[in-house]
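K.L.:
Pasting a structure here, questions to come.
There are 4 protein chains.
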Amino acid sequence: MAGTKYQYVKNFELPDPLLPGTFMVYRLDGHSFHRFSDEHKFAKPNDLRALRLMDHAAQNLMEEYPDIVLGFGESDEYSFLLRKSTSLYNRRQSKIVSTLTSYFTSCYVLYWPTFLPDTPLRYPPSFDGRIVLYPGEKEIRDYFAWRQADTHINNLYNTTFWTLVQQGGETTTQAHATLKGTISKEKNEILFSRFQINYNDIDPRYRKGSVLVRTEVPEEEPADKTEQQKKKAKKKAKPRTKVDLIHCDIIKDQFWNERRILEQ
Amino acid sequence: MAGTKYQYVKNFELPDPLLPGTFMVYRLDGHSFHRFSDEHKFAKPNDLRALRLMDHAAQNLMEEYPDIVLGFGESDEYSFLLRKSTSLYNRRQSKIVSTLTSYFTSCYVLYWPTFLPDTPLRYPPSFDGRIVLYPGEKEIRDYFAWRQADTHINNLYNTTFWTLVQQGGETTTQAHATLKGTISKEKNEILFSRFQINYNDIDPRYRKGSVLVRTEVPEEEPADKTEQQKKKAKKKAKPRTKVDLIHCDIIKDQFWNERRILEQ
Amino acid sequence: MAGTKYQYVKNFELPDPLLPGTFMVYRLDGHSFHRFSDEHKFAKPNDLRALRLMDHAAQNLMEEYPDIVLGFGESDEYSFLLRKSTSLYNRRQSKIVSTLTSYFTSCYVLYWPTFLPDTPLRYPPSFDGRIVLYPGEKEIRDYFAWRQADTHINNLYNTTFWTLVQQGGETTTQAHATLKGTISKEKNEILFSRFQINYNDIDPRYRKGSVLVRTEVPEEEPADKTEQQKKKAKKKAKPRTKVDLIHCDIIKDQFWNERRILEQ
Amino acid sequence: MAGTKYQYVKNFELPDPLLPGTFMVYRLDGHSFHRFSDEHKFAKPNDLRALRLMDHAAQNLMEEYPDIVLGFGESDEYSFLLRKSTSLYNRRQSKIVSTLTSYFTSCYVLYWPTFLPDTPLRYPPSFDGRIVLYPGEKEIRDYFAWRQADTHINNLYNTTFWTLVQQGGETTTQAHATLKGTISKEKNEILFSRFQINYNDIDPRYRKGSVLVRTEVPEEEPADKTEQQKKKAKKKAKPRTKVDLIHCDIIKDQFWNERRILEQ
């Protein structure tokens, strides 16, 4: 057969399985989104339309890939937790990281006009992805705590910075100088004393980031099902789930105690 | 600082550099494109609009990433050759494979309406990507020969199959049976004797696939440049390049002898 | 400096860190030990001298590498558990696997004359090693259970086989045929009814394999130490440990409950 | 069967194949040989007995593993080149690196009494190993040039240093100070003007290191072989080879031009 003599090149494809029995965290980041948000005139410090688009793409990804049990997003990045026992694409690293990044990107571009109808895309946005393995529940808790702590730090800074510029009349250079070396308490104080803004009153979406959780949907049974049909349905059915967006604390225990995210 | 105590989770990110001094081939494939092409009613055996969109996305990718020196596409897959000495993203595997796949996907979705204006996207298409390393020029030649031989085999089969169905009135089941076990010569014979189709007259785009080559663009110098400006320009400038689409044989030597693709 | 222009070749050395926070199991196996045991006329089914040499080499390895918290050996193989948080050689895979295998081999050859004084080494024996990562305690328990179950299966077979040959007068071919398809109970029955051997009376060394556990040695304080010296000693000292060889069940809970092997 | 339920732990063994079509360089280094050479009172700057033992172990390794086509040793390290197309142990990294290191170590310990009959081993010596992949011939040439340049630098320094101490009556601290910042020419000058030593007259073994090359041995045919036997022998036989030790320049072209080391 034509081509047979070239097939040896397939031998250079090396396996890249990820260690079984570990949690995968898949994280994606916008590629050069500093420039991208400038070019598309994103509102500062947070562009609600762009954040909603991120959430929507992430939600779509979780609906397409049931093995993702948790998502957390802030700004132009999103982290997803896959259940420990997932055998998605036989745990092949390149396959997983490329496919998930592709699907997310596809959603982002496809639904862009829905969320930013007045802002045509000037060029194709892209994302990079990576997978990090964590062996235990503690590390997973700490990973998500790390991201949400980061959200807090960034958002407090950005909120104060842009308030100084937009309401305080400072140049960006001046605002940088004003904030240099300040700790959280001082930023809160600037917001409150100079602009009567209580940081804790700001929309939790910005302060806490976006949390996507999967919950089971109780299946309604049609009244006229035979016993046979019921048995069959019971056997087959994975419970249907839906993905909810919330903006809550995921550092403390409560969030995790109320859900069985890590036991799947 | 808040978050500091969680930062240890970064230690679980392991390095994934690709061996220096080797050619990278990056290949992407449409994910479940059998279903995707059905849902979007792609013409059989080849949908010119969809192929042009693939080529356009690939061309965009090569324009964005100058280290890609060659592209080859057929159907819903594309292979790209990166020059041996590339240090793109420090040769980190996940970063490269995710970013390139994301960028291609983004182009595919963004330019879909341009190429298939009458066919709205029904759901987000996605691609998977992989990187294979090849140490030498021979393997690179054979890799691309392998893909083009595959193009030939698939296209001859599909062309004959769909001619039997579309012009010969066979069902798809019948057409499968007709072709079962046939060799190339027999498929050519079916096309010619029953349908007066000379396979070699078919558009080379379908028979040879799409080849994207990068060529240098001679920079025109404005007449009024000072000597100083010229020197400066000369020093800085990487030669500008453009990416051309052709449909030619890449198995034989001629294609390679006429270009310095592997010496970069 | 001479040599500077060649130093780029160091860039081809790629990092190979093992995932943090996971247990490493390091296992070594005799290389072609079927032939080796024939050439050195090892007693069948078990050569006590050779097994003691294996245990001695393993004990030495554990004394040299305090991060090894458990060893299990049977025949010409040995498995070692490293504590989860070990940072031995920065968890570099090749470094660990090569160094441990080298050290074990070195002990095996060096102490050979001590354990087999009448049998000169006819050629250099060698071992291969590998590292397998396990994320959790359950997998570690099951790993060692797997090896001990294997010890049982092999030893019951070999004991019966060689009894048939040595005491029953069968050829090896006949003994193979006699045992073909037999289950454990039937082998026990052959031993008991034909040779009056109660398998459970056989030395646990053969039935259970060799278990190496590390225990703390209480440090005696010399009577004349000053308070200053005591404080200093307290501060510095990791508790001294010794490595004990036992032959006991490691499948059931008792062994693990009595020790804190996995919590280190 | 007993043990079956534990067998899943085998799934945690991940494949580790090395890229085909590349040269493997396997390098081993003595582990803590500074202390080891002190404890065993190695002569300074070079201990001929210990170097001969290294060479002997390396020669044994090459005789055992015909896929090694070149060896280069200095001090307590040795590098080995495997032919590009080797399929030794299916190119599995851990298997190769552990087995080769084990075999070398085994030879080193086994033949120690032959080469250092008056110096009993005080404790088990060990080595670490690593494999580095190189895609092309140029990198292989440069790798070995790098090691030989290193041999030169180290040996010139050590020779001058120990001459200052042994013949010049300097303390080691003084000798360090004397040599600090000196270039090669100055070390040569110290040796010549103060001690009448022409560095180039020193044994090439020390100046050039040890080079192990494999050469074919013409097979003598017994006179009484039948035609049939000859045919069979011809078909089966890999040419027999032997491994020669030389001490020559391997940086310049001559060494490589006279042999077909890289073309195997």
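Which chain is which? The protein sequence lines are H, U, E and W, in order. Taking this note's numbering, the leading residue of the first sequence gets 1, the next gets one more, and so forth. Taking this note's numbering, the leading residue of the second sequence gets 1, the next gets one more, and so forth. Taking this note's numbering, the leading residue of the third sequence gets 1, the next gets one more, and so forth. Taking this note's numbering, the leading residue of the fourth sequence gets 1, the next gets one more, and so forth. Just so you know, even glycine gets a beta-carbon here, dropped at the ideal spot from N, CA and C.
For a contact meaning CB atoms closer than 9 Å, what does P17 of chain H contact in chain E?
P.N.:
Per Cβ cutoff of 9 Å: no residues; P17 of chain H is ~12 Å from chain E at best.
K.L.:
Could you please give the first and the last residue of the uninterrupted beta strand (DSSP E) stretch that includes T114 of chain U?
P.N.:
Note, T114 of chain U: premise wrong, no beta strand (DSSP E); alpha helix (DSSP H) at 93-115.
K.L.:
Which residue's Cα is closest to the Cα of D29 of chain U: U:Y134, U:H247, U:F72?
P.N.:
Among U:Y134, U:H247, U:F72, the Cα nearest to that of D29 of chain U is on U:F72.
K.L.:
Should N267 of chain H be flagged as near chain W, meaning a C-beta pair shorter than 8 Å?
P.N.:
One cannot answer for residue 267 of chain H here, as it falls past the ends of chain H, which runs 1 to 264.
K.L.:
Expressed to the nearest angstrom, what Euclidean distance is found between the alpha-carbon atoms of S48 of chain H and P124 of chain H?
P.N.:
It should be pointed out that residue 48 of chain H corresponds to Leu in this sequence rather than to Ser. Distance between the alpha carbons of L48 of chain H and P124 of chain H is about 20 Å.
K.L.:
Rounded to whole angstroms, how far is the Cβ of Y199 of chain E from the Cβ of T159 of chain E, which I believe are closer than 8 Å?
P.N.:
Right, the Cβ-Cβ distance comes to about 7 Å (below 8 Å), so this counts as a contact.
K.L.:
List the residues of chain U whose Cβ lies closer than 7 Å to the Cβ of T22 of chain W, in chain order.
P.N.:
Those within 7 Å of T22 of chain W in chain U are P135.
K.L.:
Is the Cβ-Cβ distance between E137 of chain H and L262 of chain H less than 8 Å?
P.N.:
Contact: yes.
K.L.:
Along chain W, which residues have their Cβ under 8 Å away from the Cβ of E139 of chain U?
P.N.:
Chain W residues near E139 of chain U: G21.
K.L.:
Where do the N-terminal and C-terminal ends of the beta strand (DSSP E) with V69 of chain E fall, by residue?
P.N.:
Unbroken beta strand (DSSP E) run through V69 of chain E: 68-74.
K.L.:
Scan the stretch 102-126 of chain H for residues whose Cβ lies nearer than 8 Å to a Cβ of chain W and list them as they occur along the chain.
P.N.:
Within the stretch 102-126 of chain H, no residue qualifies.
K.L.:
Within its chain, find whatever has a CB closer than 6 Å to the CB of L61 of chain H; leave out the 5 residues flanking it on each side and keep chain order.
P.N.:
Answer for L61 of chain H: Y103, F104, listed in chain order.
K.L.:
Can you confirm whether Y206 of chain E, when its beta carbon is compared against all beta carbons of chain W, has any partner nearer than 8 Å?
P.N.:
For Y206 of chain E, the answer is no, since every Cβ of chain W falls outside 8 Å of its Cβ.
K.L.:
I want to know whether the stretch 148-166 of chain H touches the stretch 39-46 of chain H - three or more CB-CB distances under 8 Å.
P.N.:
The answer is yes - the stretch 39-46 of chain H touches the stretch 148-166 of chain H, with three or more Cβ pairs under 8 Å.
K.L.:
Any Cβ of chain W within less than 8 Å of the Cβ of L164 of chain H?
P.N.:
Chain W, which has no Cβ nearer than 8 Å to the Cβ of L164 of chain H, makes this no.
K.L.:
Classify E74 of chain U: buried if its beta carbon has 16 or more other beta carbons within 10 angstroms, exposed otherwise.
P.N.:
The residue is buried, with at least 16 neighbouring Cβ atoms inside 10 Å.
K.L.:
Pick helix, strand or coil for I261 of chain W, following the three-state DSSP scheme.
P.N.:
It is helical.
K.L.:
So which residues on chain E does Y143 of chain W lean against when the C-beta distance must stay under 7 Å?
P.N.:
What Y143 of chain W touches in chain E: V9.
K.L.:
Using a Cβ-Cβ cut-off of 6 Å (strictly less than) and excluding sequence neighbours within five positions of T101 of chain H, which residues of its own chain qualify?
P.N.:
So the list reads L28, F127, G129, once near-sequence residues are dropped.
K.L.:
Kindly list, in the order they appear in chain E, the residues whose Cβ is closer than 9 Å to that of G129 of chain W.
P.N.:
Near G129 of chain W (Cβ distances below 9 Å), the residues of chain E are S94, K95, V97, S98, T99, T101, S102.
K.L.:
Using the beta-carbon count (16 or more within 10 Å), is F23 of chain U buried or exposed?
P.N.:
Per the 10 Å Cβ criterion, buried.
K.L.:
Find the residues of chain W that neighbour Y6 of chain E, judging by a C-beta separation of less than 8 Å, and give them in chain order.
P.N.:
Chain W residues near Y6 of chain E: D142, Y143, A145, W146, A149.
K.L.:
Closer than 9 Å between beta carbons: that is the criterion. Which residues of the stretch 46-63 of chain W meet it against chain E?
P.N.:
Within the stretch 46-63 of chain W, the residues whose Cβ lies closer than 9 Å to some Cβ of chain E are A57, N60, listed in chain order.
K.L.:
Using a threshold of 8 Å, state whether the C-beta atoms of I96 of chain W and I68 of chain W are closer than that.
P.N.:
Not closer than 8 Å, so no.
K.L.:
Identify whether D55 of chain U lies in helix, strand or coil by the three-state DSSP scheme.
P.N.:
D55 of chain U falls in the helix class under three-state DSSP.
K.L.:
In angstroms, rounded to a whole number, what distance separates the CA positions of E219 of chain W and M54 of chain E?
P.N.:
If I take the Cα positions, the gap works out to 41 Å.
K.L.:
What residues in the stretch 25-41 of chain U have a beta carbon less than 9 Å from any beta carbon of chain H?
P.N.:
The stretch 25-41 of chain U vs chain H, Cβ under 9 Å: V25, L28, H31.
K.L.:
Quick one: what does DSSP say V9 of chain E is sitting in, helix, strand or coil?
P.N.:
Three-state result, V9 of chain E: helix.
K.L.:
State yes or no: is the C-beta of V25 of chain U within less than 8 Å of the C-beta of Y157 of chain U?
P.N.:
No.
K.L.:
Y111 of chain W and H152 of chain W: beta carbons closer than 8 Å?
P.N.:
For Y111 of chain W and H152 of chain W, no; Cβs fall outside 8 Å.
K.L.:
As an exercise, report each continuous alpha helix (DSSP H) stretch of at least 4 residues that is fully enclosed by the stretch 183-227 of chain E, in chain order.
P.N.:
Listed in chain order, the complete alpha helix (DSSP H) runs (minimum 4 residues) inside the stretch 183-227 of chain E are 184-195, 204-208.
K.L.:
Given a cut-off of 8 Å on the beta-carbon distance, is the pair S79 of chain U and R147 of chain U in contact?
P.N.:
Yes, they are a contact pair.
K.L.:
Could you compute how far the alpha carbon of E63 of chain E sits from the alpha carbon of Y108 of chain E?
P.N.:
Roughly 15 Å separates the two Cα atoms.
K.L.:
By the criterion of Cβ-Cβ separation under 9 Å, what are the contact partners of V132 of chain W in chain E?
P.N.:
V9, K10, F12, E13, L14, listed in chain order.
K.L.:
Which of the three DSSP states, helix, strand or coil, is assigned to L133 of chain W?
P.N.:
It is a strand residue.
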